[in-house]
């Protein structure tokens, strides 16, 4: 990987710097979403495959439903918790 | 997947334009690697747990088969969750 030299970085003009900062920000939020997806998949895969062996590489309709329900109910729970804590503060 | 940059011998860089591109490419690549690493580690964890209950001297045929199926199922699950999560984000941002 061609690493960027320090002197080259200092020669960057302001517009490029700004654009790079914006790019970094958007990449950061993208990677945050990806990380959440990793954690949700981990959690829901465990939940939806508990007590049953892996017999196929495909997802049947039940499994797919289980995964989407798992995610949506988790997010509902998250919202509930936040709302409840906001309520107690008032 | 080209992990470590494609054409390193681009035209003699007329300063900042291509340098900017270079930096952005490098950042994207590092994130892609981080994403892949995370996926590998989660799949290994889950499929090891699911498929290898009593580790032997090597992976037997059944374990090998199970790991393959599990890997496929996990990646399909990742896609389902990803789609559902993005739909949910879009819904909540359009409600405002």
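Protein chains in written order, with UniProt numbering: chain A, 1 to 90; chain B, 1 to 96.
Backbone N, C-alpha and C fix where the C-beta goes; we use that ideal spot for every residue, glycine too.
- Around the beta carbon of residue 73 of chain B, 16 or more other beta carbons lie within 10 angstroms, which makes this residue buried.
- Under the 8 Å criterion on CB atoms, residue 19 of chain B is classed as interfacial with respect to chain A.
- Scanning chain B for C-beta atoms nearer than 7 Å to the C-beta of residue 68 of chain A yields 80, 84, reported in chain order.
- The three-state secondary structure of residue 79 of chain A, taken from DSSP, is helix.
- Just so you know, the alpha carbons of residue 44 of chain A and residue 74 of chain A end up roughly 9 Å apart.
- Taking the Cβ atoms as the reference, residue 64 of chain A lies roughly 6 Å from residue 80 of chain B, within the contact range of under 8 Å.
- Chain A has no Cβ within less than 8 Å of the Cβ of residue 94 of chain B.
- Taking 8 Å as the CB threshold, residue 91 of chain B stays off the interface with chain A.
- Annotated three-state conformation of residue 37 of chain B is helix, per DSSP.
- Cβ atoms of residue 31 of chain B and residue 19 of chain A stay farther apart than 8 Å, at about 17 Å.
- Remark: fewer than three beta-carbon pairs, one from each stretch, lie closer than 8 Å, so the stretch 50-63 of chain B and the stretch 11-18 of chain A are not flagged as touching.
- Relative to residue 58 of chain A, the option among B/66, B/54, B/29 whose CA is nearest is B/66.
- Every candidate alpha helix (DSSP H) stretch fails here, since none sits fully inside the stretch 38-86 of chain B while reaching 4 residues.
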